[in-house]
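Peer 1: Quick note on numbering: numbering that gives the first Met the number 0 labels position 286 of the sequence shown as 285, and the sequence is numbered without any gaps.
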Amino acid sequence: MAARPFQFIVFSYRCFEPLPTTLFLPITSIRTVASRASLSLTHHHHNQQKLKQPPSPSPTQPPPLYSTGRAPAVSVPETLAQKIGKSIRRPGAPSKARIYTDVNVIRPKDYWEYESLTVQWGEQDDYEVVRKVGRGKYSEVFEGVHTTNNEKCIIKILKPVKKKKIKREIKILQNLCGGPNIVKLLDIVRDQQSKTPSLIFEYVNNTDFKVLYPTLSDFDIRYYIYELLKALDYCHSQGIMHRDVKPHNVMIDHEQRKLRLIDWGLAEFYHPGKEYNVRVASRYFKGPELLVDLQDYDYSLDLWSLGCMFAGMIFRKEPFFYGHDNYDQLVKIAKVLGTDELNVYLNKYRLELDPHLAALVGRLIII
C-alpha cells in the first residue's frame, strides 16, 4: 500500500471527514473542508443553544405550566444503575502501596511534575502514513514509515484533549524509556496548522489477541505473562501506575516472541495517600477498588488487570469477567471469587456500599 503524507491524515482527521474520501485531495481542499466543518459545527452548536432556551412568557401571560392543558411531564423511571450511588468512605483507614511507596517522595519534583514540561517537537514531514491500525477514545493509530530510512513506525494522532494529559503521557514515556518491554517513544511531532500532536513509536508486528490467544500453549502464556510482569514491575519501580492494562494494550510479535506494553495515556505517578480518579481502566479489567470508589489506590490496580488477562488466556474466555456496567462487573467478580474477601476488604478500608449495590453482591449490611 502506498504511503501517504502525514499532514494529509492530520487534516482529514481534524475535520471529521471519512479518511478514504479526503486522503488524496489537494492540501488546500482539505484545509477548506476543515474550515467548513469547523464553521458547520460552530453554527450547529449555536442553533442548539438557541433551541435550548425556553420561550419567555409575556408579562400578561401565566407561565406555560399553568396556561396549557398539558399534563406535567412524567420522569422516566430510573434504571438500577442510576439508583446506585457512590460508596461511602469513613475516615481512619488510609490505603498505601506495599512496595515502591515513596519513589516519588524521594525523587526530585521535576521527575514527576509534568505540567511544566517543555516538549521538543520533531519534524512531521519526516513521517508518512501507510495504513490505519486502530483507534481509541483519545487517539487514532496508524502504521507509518520514516521518510529518510524507510523504517516502519507507529503514529498515534491524539484527539483534542487537555495539554496537561498530553504532557503527562509524554513525561511518563520519557521516564520509562529503555525499560523492559515498554514501548519506545521515538519522536513527538505537531501539525503546524491544526497544532494536532502525534507520538511516534517503535513498530511491533502485532497479532490481534482474539486470533493469537486461542493458539498459545501453556508455555507461551507463562512466557508472555512473565514478560508483561517485567514491564509492570519496572514502571511501578519508577513510581508509575499504567491504569489501563488489557489485551488491546499488550502488543505481541509472536514470531519474534516480543511483547510491548503500550498506551500510557491513562498512566499516572503514584503518591501515597493521594486520591485519584476511579474512572480509569476498561470495565472488564477494573479492579474492585475502582468499582467500590476507593480513590487512594496504588500499583496493585495493574496486577488485578493482569490477573483478568491471565485468566482469560488460561480459560479461553475473553473477557473473563463480563459485566454489563460497573456495578454488574462487581457482581460478576463476586460470583466467581465469593464475597468473604470483599467484605474483609470493605471493612478494612471502612467502605460502605450503596444499599442497592450491596444487595446485588449479596453483602450483609451491618449497621
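Even for Gly, the Cβ is constructed at its ideal location relative to N, Cα and C.
Is the Cβ-Cβ distance between residue 197 and residue 244 less than 8 Å?
Peer 2: The count along the sequence shown starts at 1 and reaches residue 197 at position 198. The count along the sequence shown starts at 1 and reaches residue 244 at position 245. No.
Peer 1: Whether or not the segment 347-364 and the segment 308-324 are in contact is what I'm after, with contact meaning three or more pairs of Cβ atoms, one per stretch, closer than 8 Å; do they touch?
Peer 2: no
Peer 1: Distance, Cα to Cα, residue 83 vs residue 326?
Peer 2: For the purposes of this step, residue 83 is taken as the residue at position 84 of the sequence shown. For the purposes of this step, residue 326 is taken as the residue at position 327 of the sequence shown. Distance between the alpha carbons of residue 83 and residue 326: 8 Å.
Peer 1: Would you say the segment 265-284 touches the segment 340-355, given that touching needs at least three Cβ pairs under 8 Å?
Peer 2: no
Peer 1: With distance defined between alpha-carbon atoms, name the residue in 147, 182 and 247 nearest to residue 209.
Peer 2: The sequence position of residue 209 within the sequence shown is 210, counting from 1. Out of 147, 182 and 247, 247 has the C-alpha closest to the C-alpha of residue 209.
Peer 1: Please state whether DSSP places residue 215 in a helix, a strand or coil.
Peer 2: For this step, residue 215 is matched to residue 216 along the sequence shown. The answer is coil: DSSP assigns residue 215 none of H, G, I, E or B.
Peer 1: Would you call the segment 127-134 and the segment 261-269 in contact, with 3 or more CB pairs under 8 Å?
Peer 2: The segment 127-134 makes no contact with the segment 261-269; the number of CB pairs closer than 8 Å stays below 3.
Peer 1: Quick one: give me the first and last residue of the beta strand (DSSP E) that residue 184 is part of.
Peer 2: As a working mapping, residue 184 is identified with position 185 in the sequence shown. First-last of the beta strand (DSSP E) with residue 184: 184-189.
Peer 1: Residue 107 by DSSP, collapsed to three states: which one?
Peer 2: Here residue 107 refers to the residue found at position 108 of the sequence shown. Residue 107: coil per DSSP, three-state reduction.
Peer 1: Can you grab the Cα-Cα spacing for the pair residue 151 / residue 186, in whole Å?
Peer 2: Taking the first residue of the sequence shown as position 1, residue 151 is located at position 152. Taking the first residue of the sequence shown as position 1, residue 186 is located at position 187. Cα-Cα distance, rounded: 13 Å.
Peer 1: Taking residue 176 as part of the beta strand (DSSP E), name the residues at either end of that continuous run.
Peer 2: Walking along the sequence shown from the start, residue 176 turns up at place 177. No beta strand (DSSP E) contains residue 176, which DSSP labels as neither H nor E.
Peer 1: Rounded to a whole number of angstroms, what is the C-alpha to C-alpha distance between residue 339 and residue 333?
Peer 2: As a first step, residue 339 must be located in the sequence shown, where it is residue number 340. As a first step, residue 333 must be located in the sequence shown, where it is residue number 334. C-alpha separation (whole angstroms): 9 Å.
Peer 1: Rounded to a whole number of angstroms, what is the C-alpha to C-alpha distance between residue 291 and residue 349?
Peer 2: Residue numbering aside, residue 291 sits at position 292 when the sequence shown is read from its first letter. Residue numbering aside, residue 349 sits at position 350 when the sequence shown is read from its first letter. Annotation: residue 291 to residue 349 spans about 11 Å, alpha carbon to alpha carbon.
Peer 1: Buried or exposed, going by whether 16 or more other CB atoms sit within 10 Å of the CB of residue 218?
Peer 2: Here residue 218 corresponds to residue number 219 of the sequence shown, with the count starting at 1. Burial is judged here by how many other beta carbons sit within 10 angstroms of a residue's own beta carbon; residue 218 has fewer than 16 and is exposed.
Peer 1: With a threshold of 8 Å, are at least 3 pairs of Cβ atoms found where one atom belongs to the segment 307-320 and the other to the segment 110-121?
Peer 2: no
Peer 1: Under 7 Å Cβ to Cβ from residue 100, same chain only, skipping five residues before and after it: list those, please.
Peer 2: By one-based count along the sequence shown, residue 100 stands at place 101. Result list for residue 100: 271, in chain order.
Peer 1: Among residues of its own chain, excluding the 5 on either side of residue 96, which ones have a beta-carbon nearer than 6 Å to its beta-carbon?
Peer 2: Residue 96 sits at position 97 when you count from the first residue of the sequence shown. Hits under 6 Å: 297 and 298.
Peer 1: Specify the secondary structure class of residue 116 as computed by DSSP and reduced to three states.
Peer 2: Indexing the sequence shown from 1 puts residue 116 at position 117. Looking at residue 116 - three-state DSSP - the assignment turns out to be coil, as it is neither helix nor strand.
Peer 1: For residue 274, which residues in the same chain have their Cβ closer than 7 Å to its Cβ, ignoring the five residues on either side in sequence?
Peer 2: Along the sequence shown, one-based indexing puts residue 274 at 275. Contacts found: 294 and 295.
Peer 1: Straight-line CA distance for residue 301 to residue 258?
Peer 2: As a position in the sequence shown, residue 301 is number 302, starting the count at 1. As a position in the sequence shown, residue 258 is number 259, starting the count at 1. Taking the straight line from one Cα to the other gives about 17 Å.
Peer 1: Mind checking residue 242: buried by the 16 CB within 10 Å criterion, or exposed?
Peer 2: Position 243 of the sequence shown holds residue 242. Under this definition residue 242 is a buried residue.
Peer 1: If I follow the unbroken beta strand (DSSP E) through residue 133, where does it start and stop?
Peer 2: Locating residue 133 in the sequence shown gives position 134, counting from the first residue. That run of the beta strand (DSSP E) goes 126-134.
Peer 1: Within the segment 228-316, note down every full beta strand (DSSP E) run reaching 3 residues or more, in order along the chain.
Peer 2: 249-252 and 257-260
Peer 1: Of the residues 195, 171 and 145, which one's Cα is nearest the Cα of residue 237?
Peer 2: Here residue 237 refers to the residue found at position 238 when the sequence shown is read from its first residue. It is 171 whose Cα lies nearest to the Cα of residue 237.
Peer 1: Decide yes or no for the touch test of the segment 170-184 against the segment 220-233: beta carbon pairs closer than 8 Å, at least 3 of them.
Peer 2: yes
Peer 1: Beta-carbon within less than 6 Å of residue 102's beta-carbon, same chain only, minus the 5 sequence neighbours each way: which residues are those?
Peer 2: As a working mapping, residue 102 is identified with position 103 in the sequence shown. Excluding sequence neighbours, residue 102 sits near 238.
Peer 1: Put residue 201 into one of helix, strand or coil per three-state DSSP.
Peer 2: Translated into positions along the sequence shown, residue 201 becomes position 202. Strand at residue 201.
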